[in-house]
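Engineer: Chains as they are written, first to last, in the numbering used here: chain A, 90 to 503; chain B, 25 to 520; chain C, -2 to 117.
#1: Start and end of the beta strand (DSSP E) containing residue 248 of chain B?
#2: So, using beta-carbon positions, are residue 475 of chain A and residue 282 of chain A closer together than 7 Å?
#3: Note down, in chain order, every chain C residue with its Cβ under 9 Å from the Cβ of residue 429 of chain B.
#4: Shorter than 7 Å from the beta carbon of residue 80 of chain C to some beta carbon of chain B?
#5: If we ignore side chains and look at the alpha-carbon of each, how far apart do residue 184 of chain A and residue 177 of chain A end up?
#6: Please list the terminal residues of the continuous beta strand (DSSP E) segment that includes residue 25 of chain B.
#7: 7 Å is my cut-off, CB to CB: does residue 381 of chain A come that close to chain B?
#8: Reducing DSSP to helix, strand and coil, say where residue 307 of chain A ends up.
#9: Would you mind sorting residue 241 of chain B into buried or exposed? The rule is 16 or more other CB atoms within 10 Å of its CB.
#10: Buried or exposed for residue 423 of chain B, going by 16 or more other Cβ atoms inside 10 Å?
#11: Starting from the C-beta of residue 231 of chain B, find all residues in its chain whose C-beta is less than 8 Å away, skip the five residues before and the five after it, and write them out in chain order.
#12: Measuring CB to CB, does residue 96 of chain A end up less than 7 Å from residue 198 of chain A?
#13: Starting from residue 49 of chain C, follow its DSSP beta bridges and name the residues at the other end.
#14: Which two residues bound the contiguous alpha helix (DSSP H) that contains residue 263 of chain A?
#15: If we count Cβ pairs, one from each stretch, closer than 8 Å, do we get three or more for the stretch 254 to 268 of chain A versus the stretch 221 to 235 of chain A?
#16: How would you label residue 188 of chain A, buried or exposed, when you count the other beta carbons within 10 angstroms and need 16 or more for buried?
#17: For residue 505 of chain B, which residues in chain A fall below 7 Å Cβ to Cβ?
#18: Does chain C have any CB closer than 7 Å to the CB of residue 330 of chain B?
#19: Is there at least one Cβ from chain B nearer than 7 Å to residue 83 of chain C's Cβ?
#20: Closer than 8 Å is the cut-off here; do at least three beta carbon pairs connect the stretch 223 to 237 of chain B with the stretch 30 to 39 of chain B?
#21: Using 7 Å as the threshold, is the C-beta distance between residue 128 of chain A and residue 100 of chain A below it?
#22: According to the neighbour-count rule (16 or more other Cβ atoms, all chains shown, within 10 Å of its Cβ), is residue 26 of chain C buried or exposed?
#23: Could you check what DSSP says for residue 26 of chain C in three-state terms: helix, strand or coil?
#24: Between residue 500 of chain B and residue 441 of chain B, is the Cβ-Cβ spacing less than 7 Å?
#25: Spatial neighbours of residue 496 of chain B within its chain, please: CB distance less than 7 Å, with the 5 preceding and 5 following residues excluded, ordered by chain position.
#26: What in chain C is Cβ-close to residue 284 of chain A, meaning under 9 Å?
#27: Measure the beta-carbon distance from residue 311 of chain A to residue 224 of chain A and round it to whole angstroms, keeping in mind my assumption that it falls under 8 Å.
#28: Does any C-beta atom of chain A lie closer than 7 Å to the C-beta of residue 111 of chain C?
#29: Let me check understanding here. Comparing Cα to Cα, which of B/256, B/350, B/132 lies closest to residue 81 of chain B?
#30: Excluding five sequence neighbours on each side, which residues of the same chain lie with their C-beta closer than 6 Å to the C-beta of residue 220 of chain B?
#31: Give a yes or no on whether the minimum CB-CB distance between residue 49 of chain C and chain A is below 7 Å.
#32: Output the boundary residues of the beta strand (DSSP E) element that contains residue 173 of chain B.
#33: Per the DSSP calculation, residue 341 of chain B is bridged to which residue(s)?
#34: Whose C-alpha, out of B/325, B/462, B/68, B/147, is nearest the C-alpha of residue 445 of chain B?
#35: Since residue 120 of chain B and residue 161 of chain B should fall inside the 8 Å C-beta cutoff, what is the C-beta to C-beta distance between them, to a whole number of angstroms?
#36: Determine the closest residue to residue 375 of chain B out of B/182, B/166, B/321, B/482, with distance taken between C-alpha atoms.
Spelled out as structure tokens, the structure:
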């Protein structure tokens, strides 16, 4: 028995891919390593999900619930507590997936794979924090799981590293449940999250230290204090600017890294800036028939785009099976111009409309985004690294392109 | 009537002594440990090497010189009997400058004096044949094939499990407060859990051995901590085949580059002397880590980007006055045996130290030792799901579905492994559940994500199996609980 | 008293300024749409927020259920509301959308479950 597509990961990318694939008539198997489907969504109890996709503002678990209902309604075969140990690419239409579950170590075969295994969090060691390795140090997601799934209060006096959305949202959770959030420490000179989340700092009177970093933790068995230091425009530490903040909890919200070990192992090419695989417009990796969607591809901020990527990958799988490959007369390389840090997909055919997902390196106001080879330009009032850009390139617009299309982000004239 | 023996400290020394003494049917052995689990002192953080024995000058440090090579040989048996993870890959002491060769010749000579077999100086060609990715400017080295690597706390655990199976009584979370001496003879130890009668008290208290010895009035030595810091990198970074040393200095063997036993590149330690008040200073420092990085680069120029670090940590060595092991029966206090200052090559020497102590009991204390007719030298390791073939894994899952549930994604540790570890913990009497106890037995949380995925899952399993609230599961014993209460505890005003 | 706010109604994030005298709005400037003006006024006079938290669950597969208020709650009432939520426990099974509390603290909001919890 060979599945049309085996989907690895039952978070929003995998769930959306599974529902779409089933609706497209494919034989689907969905594997998720957790006890319940939903990925990270069940613990994201705040709203901000589904504004585009469902035209409603839902919380994370509500968004997941809509898809899980479909999974059950459409009778999509799925295993939970199923962890994929190995992927093997035998041939274009033969992929082997070995996974472990309480039912045993099983081997399944599929014509395609959609890899939607999400991302992991950066930990304290990766950001150079030294000192004591004691209780009270959590990544933001870990603390969120403890509080909002398992009902545990991690601590009562918190310092948070990172003013991205996750860090700010956790600041609110701690403050609402009665803890004192003593500071949010941000490396950059600007806050990392959306304005609606930065407002949390004002709501709960939480001091924000821009251009600062936490460098040391001290404590006997548990965190007792952290050392904070100021940095200059080049992110270099300013000597003499150190000070200590007493706290019992240090939350690290220093960014996510796509989980791509299994793909690397079978030779998929990875884009070092995205952290995820190099893909074409169907989100197919450099291994034919293996697709990727969601945070495993690149770090997203809206779950709506994650779901969209899952659906696109499902379409890709169908296309791949139908034509024995994702075929195109030519492949145009999408390249990073100035101020573009994250960009996907990497190769587009020019034959169909495509959504580009991108992030800038630096914030800018009054911006011109241009694609010089095709003469496309759009204006945006503001761009920030924390807000992903999703730009549609229409097939007609891409006629002029031959080998490359570059995305440039520049300041517009006043 | 049995002779009661109390061993203070369940680190590598205390555990090894307990194991050896458990062979004798007329000894009742008590192993006393203040922490919640065994091996959490000096044994927890070190370079994990089974040294060759060429480094210890037999004139300056006769005990070290004698016991290191003996320990190395004994470890070959012990790792097999006790299923301790190990590798015998040999060491290279690398000459980066011409002057280094003089030192290497001295080491060679010293090694010969100490009875170290198979050592020889190798030239540049052979050096790179043994270790291709060394600094290309290396000139040659001393090749010591008998050097190996082990997992130090897994070793302590294996030894303790075997000792307990052979009748040793382990007292965890038990701290020695006093030692009763009457008429110049030890009578027992006073602890926070009551008085333990003992005719022989063996002081294997690591960093605190001088303080324990002071209690009985033997204060002719001091222990001060020497800190060493380490970096461990992600497992997709290739590391060396051999244990790589620089040419040593009188103070320390130098910053070592190894591929530690789970396959991760590891560099360290430096050597920073701390005042004796700082026996709990395990904090890593920028300066210490920088020093390690710089020195390691001299041997291994292709260090990965710093973002590939998965852990930095520090360990303390117990440096004694005089620098040599202090292993002796104290004449003024009959029955009190010091096993102090077990710094490098302490891990290597441990089995030999154990036999040395046995001999002290037999010859110096003149206590007759009667061997048990049935003594079990074997101990099996727990199942490691990541090591099983697919067929074996499936068999196991059919018997017990929990083996199929992967808990630690980075290292493929299954719930079955963890349940076995918990069973072993309970068998030796671990009362306070801690994540570290699971980590050292199964490898969970020691991979790329450093537990950010699996720590909560492990905590839930511990909470369930130990019958405690999730927030009371600890990281490393009392005082390091993972939470302060349920999520509403602060709103209810129950914590100040 | 002059308030300077970053509007959150849409991603433009206009800086809106509101001048208040004797508890009444005198002037609003900087907005680029009526929703923005409305938001800024309300934010200054009677700021409200949707509250999301978890509530303890009895006899469920999970020990908590995530909840939200179906409408924003006046900011100054939030600490009291949180204290109230800390005292209650809900019995599984719980469905998404299930009303946990009606009119808490006499506010015109409902506290609803946002996650499904099966019985243990």
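Glycine is no exception: its CB is placed at the ideal position from the N, C-alpha and C atoms.
Structural biologist: So, to answer that:
#1: 247 to 257 is the span of the beta strand (DSSP E), which, as asked, contains residue 248 of chain B.
#2: It is a contact, given that the beta carbons lie within the stated cut-off.
#3: Going along chain C, no residue has its Cβ under 9 Å from residue 429 of chain B, so there is no contact; the nearest lies around 16 Å.
#4: Residue 80 of chain C has a beta carbon lying within less than 7 Å of a beta carbon in chain B.
#5: 6 Å
#6: Run containing residue 25 of chain B: none; DSSP gives neither H nor E here.
#7: No, no contact with chain B.
#8: strand
#9: exposed
#10: exposed
#11: 65, 66, 247, 249, 303, 340, 342
#12: Not in contact: residue 96 of chain A and residue 198 of chain A (Cβ atoms no closer than 7 Å).
#13: C/65
#14: 254 to 265
#15: Counting Cβ pairs under 8 Å, three or more are found: they touch.
#16: By the neighbour-count rule (16 or more Cβ atoms within 10 Å), residue 188 of chain A is buried.
#17: 224
#18: Put simply, the CB of residue 330 of chain B is far from chain C, with every gap to its CB atoms at 7 Å or more.
#19: Residue 83 of chain C counts as touching chain B.
#20: yes
#21: yes
#22: exposed
#23: Strand, per DSSP.
#24: Not closer than 7 Å, so no.
#25: 505
#26: 3, 4, 5, 8, 10
#27: Rounded to whole angstroms, the Cβ separation of residue 311 of chain A and residue 224 of chain A is 4 Å, and the two are in contact under 8 Å.
#28: yes
#29: B/132
#30: If the five residues before and after residue 220 of chain B are omitted, its C-beta is found closer than 6 Å to the C-beta atoms of 30, 54, 212, 213, all from its own chain and listed in chain order.
#31: yes
#32: 172 to 174
#33: B/250
#34: Nearest in C-alpha terms to residue 445 of chain B, of all of B/325, B/462, B/68, B/147, is B/462.
#35: 7 Å
#36: B/182
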